[in-house]
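For what it's worth, the working numbering labels the leading residue of the sequence shown as 9, then goes sequentially.
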Amino acid sequence: MYFHITILNTMNNYPIATILGGGGFIGRYLVRKMTERNYQCIIPTRNAYLKGYLKTQAPPGAIEFIDFNPKDFSKIK
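Okay, here's the thing in structure tokens:
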């Protein structure tokens, strides 16, 4: 299991966290706790089911999903 968190500050002073592994067991807990603390979470995922589940765990607009497949090297920048 691998988690990577990058935290950035935005112009409106709400921090943004990119969480790789946000759909996993620990990652889902982490996403929920960070959105409770007013973080906006960006979660790369390839699983549409997890998108629906995670959206119910946070306030509207707190989670942004990026379609990501780590085996598709053409989409990795």
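Note that beta-carbon positions come from the ideal geometry of N, C-alpha and C, so glycine has one too. From a predicted model like this one, the values you see are computed outputs, not experimental measurements.
For Tyr47, the nearest candidate out of Gly31, Ile74, Gly60 and Pro68 (CA to CA) | Locating residue 47 in the sequence shown gives position 39, counting from the first residue. Selected option, being the one with the closest Cα: Pro68.
Taking all protein chains shown into account, do 16 or more other C-beta atoms lie within 10 angstroms of the C-beta of Tyr10, making it buried, or fewer, making it exposed?
-> Stepping through the sequence shown from its first residue, residue 10 is reached at position 2. With a pLDDT of 49 at Tyr10, under the threshold of 50, the modelled position of that residue is not reliable, and no figure is offered here.
Using a Cβ-Cβ cut-off of 8 Å (strictly less than) and excluding sequence neighbours within five positions of Ile74, which residues of its own chain qualify?
-> Locating residue 74 in the sequence shown gives position 66, where the first residue counts as 1. Once the five neighbours on either side are set aside, the close Cβ partners of Ile74 are Ile50, Ile51, Pro52 and Thr53.
Have a look at Ile71, Asn77 and Asp80 and flag the residue whose alpha-carbon is nearest the alpha-carbon of Tyr43.
-> Numbered from 1 along the sequence shown, position 35 holds the residue referred to as residue 43. The question names Tyr, but residue 43 is Thr in the sequence shown. Among Ile71, Asn77 and Asp80, the Cα nearest to that of Thr43 belongs to Ile71.
Could you say which of Tyr22, Ile24, Ile34 and Gly30 lies nearest to Gly60 if we only look at CA atoms?
-> For the purposes of this step, residue 60 is taken as the residue at position 52 of the sequence shown. The shortest CA-to-CA distance from Gly60 to any of Tyr22, Ile24, Ile34 and Gly30 is the one to Gly30.
Could you say which of Gly35, Arg45 and Asp80 lies nearest to Ile24 if we only look at CA atoms?
-> Within the sequence shown, numbered from 1, the residue matching residue 24 stands at position 16. Looking at the Cα atoms, Arg45 is the closest of the given residues.
When DSSP builds the beta bridges, which residues end up paired with Thr43?
-> Looking up residue 43 in the sequence shown gives position 35. Paired residues: none, contrary to the question.
Over what stretch of residues does the alpha helix (DSSP H) that includes Ala25 continue unbroken?
-> Here residue 25 corresponds to residue number 17 of the sequence shown, with the count starting at 1. Bounds of any alpha helix (DSSP H) do not take in Ala25; it lies within the beta strand (DSSP E) bounded by Pro23 to Leu28.
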